[in-house]
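What the sequence shown shows, in the UniProt record's numbering, is residues 1 to 75, in sequence order.
Heads up, the beta-carbon is just placed ideally off N, CA and C, and yes, glycines get one too.
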Amino acid sequence: MVTQRIENTEERWKRKEEELCRKMEEILQKIKENEKKHEEREELIGDILEKIEQKLKKEGTNEKEEKQGERTKET
Numbered sequence: 001m002v003t004q005r006i007e008n009t010e011e012r013w014k015r016k017e018e019e020l021c022r023k024m025e026e027i028l029q030k031i032k033e034n035e036k037k038h039e040e041r042e043e044l045i046g047d048i049l050e051k052i053e054q055k056l057k058k059e060g061t062n063e064k065e066e067k068q069g070e071r072t073k074e075t
């Protein structure tokens with residue numbers, strides 16, 4: 001009877017351990033997925049910032065050209 005209880009307890013602990021391992025693997029998988037999404041977001045943000053920077057430089061160049069055009073008209 002005691003032996004049976006010990007075996008039952010060992011089986012329960014073994015099942016619990018397997019369940020915990022499975023849950024840990026699921027959590028690790030979710031972490032990896034989140035890291036990948038985070039990297040994709042950072043890449044997208046970087047692309048957007050680069051486009052904004054290019055647009056601002058282009059607008060700045062256009063403004064300089066307009067000012068130079070106005071100066072030549074004034075002279």
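Collapsed DSSP secondary structure at residue i in the structure displayed
i, result
"residue 24", "helix"
Beta-carbon proximity list for residue i, same chain, < 8 Å, skipping 5 on both sides
i, result
"residue 14", "none"
"residue 42", "none"
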